[in-house]
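Inspection log for the structure reproduced underneath, given as C-alpha cells.
2 protein chains.
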Amino acid sequence: DGASTYARHRLHLHIRDRLQQMHPFLLSALSGSNSTTAKAENSSIGVDDLVTGALENAFITMDQEIGKNRVAHKIKGGCTALVTVFLLGRAYVASAGDSRAVLCRGGQAPGRQLTEDQTPYNDRQRLQTIAANHPRLAQGEFSPLQFAKRLGRRDLGRRVLCRSAFVQGWFLKTVSEEDLLFPLITGDSKKSRLLATIGVARGFGDHDLLVSDSSIAVKPFLSCVPQVVPLHDCIGADDFVVMATDGLWDVLSNEAADAVVKDAVSQSTSNRCVIAAQALVGAARGTWQRGSQTPDSRQSGGFWRLTISDATAAPDDSQAKEAANGTAKEPPASLDDISCFVIPLGWLSKPPTPAEVPSADGDN
Amino acid sequence: DGASTYARHRLHLHIRDRLQQMHPFLLSALSGSNSTTAKAENSSIGVDDLVTGALENAFITMDQEIGKNRVAHKIKGGCTALVTVFLLGRAYVASAGDSRAVLCRGGQAPGRQLTEDQTPYNDRQRLQTIAANHPRLAQGEFSPLQFAKRLGRRDLGRRVLCRSAFVQGWFLKTVSEEDLLFPLITGDSKKSRLLATIGVARGFGDHDLLVSDSSIAVKPFLSCVPQVVPLHDCIGADDFVVMATDGLWDVLSNEAADAVVKDAVSQSTSNRCVIAAQALVGAARGTWQRGSQTPDSRQSGGFWRLTISDATAAPDDSQAKEAANGTAKEPPASLDDISCFVIPLGWLSKPPTPAEVPSADGDN
Chain D
1 DGASTYARHR LHLHIRDRLQ QMHPFLLSAL SGSNSTTAKA ENSSIGVDDL VTGALENAFI
61 TMDQEIGKNR VAHKIKGGCT ALVTVFLLGR AYVASAGDSR AVLCRGGQAP GRQLTEDQTP
121 YNDRQRLQTI AANHPRLAQG EFSPLQFAKR LGRRDLGRRV LCRSAFVQGW FLKTVSEEDL
181 LFPLITGDSK KSRLLATIGV ARGFGDHDLL VSDSSIAVKP FLSCVPQVVP LHDCIGADDF
241 VVMATDGLWD VLSNEAADAV VKDAVSQSTS NRCVIAAQAL VGAARGTWQR GSQTPDSRQS
301 GGFWRLTISD ATAAPDDSQA KEAANGTAKE PPASLDDISC FVIPLGWLSK PPTPAEVPSA
361 DGDN
Chain L
1 DGASTYARHR LHLHIRDRLQ QMHPFLLSAL SGSNSTTAKA ENSSIGVDDL VTGALENAFI
61 TMDQEIGKNR VAHKIKGGCT ALVTVFLLGR AYVASAGDSR AVLCRGGQAP GRQLTEDQTP
121 YNDRQRLQTI AANHPRLAQG EFSPLQFAKR LGRRDLGRRV LCRSAFVQGW FLKTVSEEDL
181 LFPLITGDSK KSRLLATIGV ARGFGDHDLL VSDSSIAVKP FLSCVPQVVP LHDCIGADDF
241 VVMATDGLWD VLSNEAADAV VKDAVSQSTS NRCVIAAQAL VGAARGTWQR GSQTPDSRQS
301 GGFWRLTISD ATAAPDDSQA KEAANGTAKE PPASLDDISC FVIPLGWLSK PPTPAEVPSA
361 DGDN
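Taken in sequence, the protein lines are chains D and L.
For the first sequence, position 5 (counting from the first letter as 1) is numbered 5 according to full-length UniProt numbering, and the numbering increases by one without interruption.
For the second sequence, position 176 (counting from the first letter as 1) is numbered 176 according to full-length UniProt numbering, and the numbering increases by one without interruption.
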C-alpha cells in the first residue's frame, strides 16, 4: 500500500543520512580513542550502540516524514519494515513490525530467529505502559490490564489471572466493574489484536487509523522504533539471513525455512539466494489439492496445501485441530502477500585486510 | 537498616501466601489441563509464569507493607532483596536491586550471572519513561535524556550523543537550554546515580527519600518489582547459586567467585556451602598489607588488598588507573557490608519419583 511504497523509496536514504552523521563518532569508537572529533564522549559507547541509534533514528525520521506528507502524497495505511545493513565488515538487522529475520547457518547448526515478531502480545508492556500513563487515549473504552480469559458479568468478584504493565508474570486479581471493559490486547502470540483493530504493534504509517465506530486513535500506541540486532559476532562462511513478511512465517516454522534454504543452496552454484527465496515462497504457497473435505470451503474444488511435513510447519492450534478432525491431511498454505529475501553473509566472515580498517584522523 | 530487617522477617511470609493463592492454578498448569479449578484459563500460561507473578506480587505487597507501617514501626531507609525459592522440584531466583545471583556450575562449565544489577544505568528505560510521562515529578530540575558526557553552556547548539526512553542506541541531538539540566541518571554501569541521590533503581523502602536540598521525592522512580529467573532447565548435580550483596561484587568478578566456590567445595565434604560462602567473603575482604605507597591513605600504615589475581577481580577503571600509576600492586578489598549465601542445587537434578509429582483433583 501507500506507506510501504513510500518507505521503500525513502528509508535507505534516511539510514544513509543518519549513518553519515555518526561517521566521526564511529571512527572514534572503532579506534578505541577519544579523538578530537568526538572528544570526551563516554568510552563505553561502542560501534553497535552508535549504529543501533542511527538505525532507530532513521526509522523515526521515516515515520515522521510519512506523517507529514501523508495528505500531499496520498500515503495510506501502514507497513512493517525490516532491513539488513552492512557496515564496516559488520551486519545489522533492524525490524519494526511482524516481519521476521532468521539466521540460517551453514553445516549442521540450526536456524535461529533474529528478530521478535512485534505483535501486540509481544509488545505488551510498552502498550500497557502507554495505556496506564495516558488513560484518556483509550477514552475509557479499553482495560489496560491483560486477563487470561475474556471476562463477563458473572466473573465480577471472582479472582482471575491478570498482567499489568509492570510485571512479567500472571497474578490473581478480583474482578471489578472496570475490568469488564474490552481489553487493550486480545488474543495470544501472533494472533493478537491491539484495541480490537490491528495485529501489529510497530511499523510505519497508520497515522489516521481509528478504532472501528469510535474516535479512538491507534497511532499513539504504535511505535516505529525498530529492534536492532548486531550480527557480526556469529557469522560463518555458509550463513544467510532470511527476511520475510508474516505471510511466509504464518505457515513455515524457522526450522522449516532453514531446511528449505539449506536444501536450495546445496543444489545450486549460481543465483543461490534468489533460488532459495523462490523455494521459500514456493514452500509457503504449497500445492493445489483437489477434493477438499471441508464443506464450507470458499475455494470450490480444492485447497492450496503445504507439502512439507507437519513436523516442520509452523505450529498453529487451529491447524492442529483441523488435522485432528480429519478435515485435512496437510495444513493450508499461505494466501497472504509474501515478500522474501535471502541475504548471503559469508563474505563477512573473511577478516578484513589492514587497508580496509579505517582509522581516525590524528590518532596513533 | 530498618527496611532490610523488616523485610527479612516478612518477605518469606508474603511469598508463601502468594504461592498458596496460586495453588489451584499451579496444579492445573502442571497437569497441562483446564481442570474445573482453573477453567478456561489461557493454556499458554505455564508454571513459570504463575510463580513469577506470585513472586512479583509478594515483593509488591512487601513494599506496600513497609510503606504503610513505616511510621508506626519506625522503618527507615531502603534495601535490596534477593531470594531463591524452591518449588515443585524447580528453583526460582528473584532480585530487586543491585545484589546479584551467580550460577556456579560443576565441572569445567563457567559461572553465569543470573540477575542483572538493577542500577539506575541498567534500569534506564523504565526510569526515563517515568520522567517523560510525569515531568512534574522531577520539578523541572532534571533532564529525562541521557547524554554521553556532562554538558555545559559552551555545548549549546552543538550535536552530542544522547539516549531517550524509547531507544536502545545513541543518537545525535543538538543541545538546547533544557538539556543543560542535571541528568536524571549520571555515571555509567554500576557507579550510576538516580536523581543525583541513589545508586540503585529497585528494592524496598525509601518511601520518604528526597533529593538533597529539594522536595523532589525519589520513591516514584523506584520499583519493587523483581527480576525473576527460573532455574530448572539448567541444573547439574554440582551446581550452586551464589547470592551476595554489592559489597562482594564490587571487588570480585563472577569468574573469580566461581573459582573460589569451586576451590572451596572441592576441598571439603561437609558444610561445603558455609565454607564456600566464608571463602568468598574472605576473598573480598583481602589481606592487610603494610606500607601503602598512597600518600592520601586514610588508613594509616596500610591497606586491605585483594590477594586473588587481577585477571579474576572485577574490572574497575579507577583500580586499573591506580595500578597503572604504581600506587598499588593489588586492587583494594571491599570495606562495604557483605551478605553472602551459597545455595546447593544438586538435589534438584535428581528426577522426582512419581509420588512426588502432584496431580490436580478430578483430572486424568
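For each residue, glycine too, the CB sits at the ideal point set by N, CA and C.
Here the structure is a predicted model, which is why all the values come from computation and not from measurement.
In this structure Thr-119 of chain L is buried. Its beta-carbon is surrounded by 16 or more other beta-carbon atoms within 10 angstroms. Within the model, the alpha-carbon separation for Trp-249 of chain D versus Leu-55 of chain D is close to 24 Å. Comparing alpha-carbon positions, the option among D:Trp-304, D:Ser-339 and D:Glu-255 lying closest to Gln-278 of chain D turns out to be D:Ser-339. Under the Cβ distance rule, Ser-44 of chain L counts among the residues neighbouring chain D, one pair being separated by less than 8 Å.
Only Lys-149, Leu-161, Phe-166, Val-167, Gln-168, Gly-169, Trp-170, Phe-171 and Leu-172 from the segment 149-172 of chain L bring a Cβ to less than 7 Å from some Cβ of chain D. Neighbourhood of Gly-53 of chain D in chain L, by CB distance below 7 Å: Val-167, Gly-169, Trp-170 and Phe-171, in chain order.
Residues of chain D with a Cβ closer than 9 Å to the Cβ of Glu-56 of chain L are, in chain order, Phe-166, Val-167, Gln-168, Gly-169 and Phe-171.
In this model, Arg-70 of chain L and Lys-76 of chain L are separated by some 7 Å (Cα to Cα). The beta carbon of Gln-125 of chain L sits closer than 6 Å to the beta carbons of Ala-165 from its chain, once the five residues preceding and following it are set aside; these are given in chain order. Residues of the segment 97-130 of chain L with a C-beta atom less than 7 Å from some C-beta of chain D are Thr-129, listed in chain order. Within the same chain, Leu-137, Ala-138, Phe-142, Pro-144, Ala-165, Leu-184 and Phe-221 come within 8 Å of Ala-131 of chain D by CB-CB distance, once the 5 residues on both sides are set aside. Sequence-ordered contacts of the segment 13-28 of chain D with chain L read Arg-18, Gln-21, Met-22 and Phe-25 [C-beta pairs closer than 8 Å]. The Cβ of Asp-188 of chain L sits closer than 8 Å to at least one Cβ of chain D.
The residue among L:Pro-230, L:Arg-10 and L:His-207 with its C-alpha nearest the C-alpha of Ser-223 of chain L is L:His-207.
Per DSSP, reduced to three states, the secondary structure at Arg-272 of chain L is helical. CA-CA distance, Glu-255 of chain L to Gln-108 of chain L, rounds to 12 Å.
By the Cβ-count criterion, His-14 of chain D is buried, with 16 or more other Cβ atoms from all chains shown falling within 10 Å of its own Cβ. By the rule that beta-carbons nearer than 8 Å mark a contact, Asp-337 of chain D does not touch chain L. For Leu-127 of chain L, same chain residues with a beta-carbon under 7 Å away, outside a window of 5 residues either side, are Pro-120, Leu-184, Ile-185, Leu-194, Ala-201 and Phe-221 in chain order. Secondary structure of Ile-15 of chain D (DSSP, three-state): helix. Taking a Cβ-Cβ threshold of 7 Å, the residues of chain L close to Asp-49 of chain D are Gly-169 and Trp-170, in chain order. In its chain, beyond the 5 residues on either side, Ala-148, Leu-161, Cys-162 and Arg-163 have a beta carbon closer than 8 Å to the beta carbon of Trp-170 of chain L.
Assignment of Phe-142 of chain L by DSSP, reduced to helix, strand and coil, places it in the strand class.
Bounds of any beta strand (DSSP E) do not take in Lys-191 of chain D, whose DSSP letter is neither H nor E. The residue from D:Gln-227, D:Ala-259, D:Pro-226 and D:Asp-179 with its alpha-carbon nearest to that of Val-242 of chain D is D:Ala-259. In the DSSP assignment, Ile-45 of chain D falls outside any beta strand (DSSP E), carrying neither H nor E. Listed as beta-bridge partners of Ile-343 of chain L by DSSP are L:Val-241.
Taken through DSSP and simplified to helix, strand or coil, Trp-288 of chain D comes out as strand.
Cβ proximity to chain L below 9 Å picks out Ser-223, Val-225, Gln-227 and Val-228 from the segment 222-238 of chain D. Not a single C-beta of chain D is nearer than 8 Å to the C-beta of Asn-254 of chain L. At a cut-off of 8 Å between beta carbons, Asn-69 of chain L makes no contact with chain D. Sequence-distant Cβ neighbours of Leu-172 of chain D in its own chain, meaning closer than 6 Å and more than five residues away, are Arg-159. Pairing Asn-122 of chain D with Glu-116 of chain D, the inter-Cα distance amounts to about 8 Å.
DSSP places Phe-182 of chain D within a strand segment (E or B) once states are collapsed to three. The shortest CA-to-CA distance from Gly-97 of chain L to any of L:Arg-290, L:Asp-246, L:His-12 and L:Asp-263 is the one to L:Asp-246. Secondary structure of Thr-5 of chain L (DSSP, three-state): helix.
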